[in-house]
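Structure first, commentary second.
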Amino acid sequence: MSRSAGAHTADPCPRCRVEAVRPGSPTTAAGRDVVRYGCDHCAHTWTRPVEDDLEVHDTVRVDLPDATLYGTAWQVEPDRVQVRGTGGAWLLWVERWRVIVY
Numbered sequence: 135m136s137r138s139a140g141a142h143t144a145d146p147c148p149r150c151r152v153e154a155v156r157p158g159s160p161t162t163a164a165g166r167d168v169v170r171y172g173c174d175h176c177a178h179t180w181t182r183p184v185e186d187d188l189e190v191h192d193t194v195r196v197d198l199p200d201a202t203l204y205g206t207a208w209q210v211e212p213d214r215v216q217v218r219g220t221g222g223a224w225l226l227w228v229e230r231w232r233v234i235v236y
């Protein structure tokens, strides 16, 4: 399970497996919206596609600059998603590129 660790996510780098990965940033590759990540340890970079099959009630992870949250997609729009915390503890709109189906 991922967690935030200051300015880094705890997801390990796929190359060196060190948990020194900066939170992603949106970009485009081959005409598709993607999120680009980089490892501070080995300088490896990689991308993941922005979720395009996201549906209401999917369990999701949200990567924010200061936290990683887990919840349920409550509303889905082309550019943003409303995520609801467990038991309705919180409700937050986030950019779609920050959401990963979990």
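Using the working numbering, you'd call the opening residue of the sequence shown number 135 and step up by one each time.
Idealized CB from N, CA, C, for every residue including glycine.
Can you check DSSP and say which residues form a bridge with residue i?
i      : result
Pro146 : Answer by DSSP bridge pairing: none, since Pro146 is not bridged.
Glu229 : Arg214
Cys173 : Val155
Val168 : Thr161, Pro183
Leu203 : Val196
Val235 : Val194
Can you tell me whether residue i is buried or exposed, with buried defined as 16 or more other CB within 10 angstroms of its CB?
i      : result
Thr220 : exposed
Asp187 : exposed
Asp200 : exposed
Val190 : exposed
Cys147 : buried
Cys173 : buried
Between the beta-carbon of residue i and the beta-carbon of residue j, is there less than 8 Å?
i      : j      : result
Asp213 : Pro157 : no
Val184 : Leu203 : no
Ala154 : Thr181 : no
Thr179 : Val168 : no
Arg149 : Cys176 : yes
Ser159 : Arg170 : yes
| request: Determine contact between the region 228-235 and the region 207-216, defined as no fewer than three beta-carbon pairs at a distance below 8 Å. | output: yes
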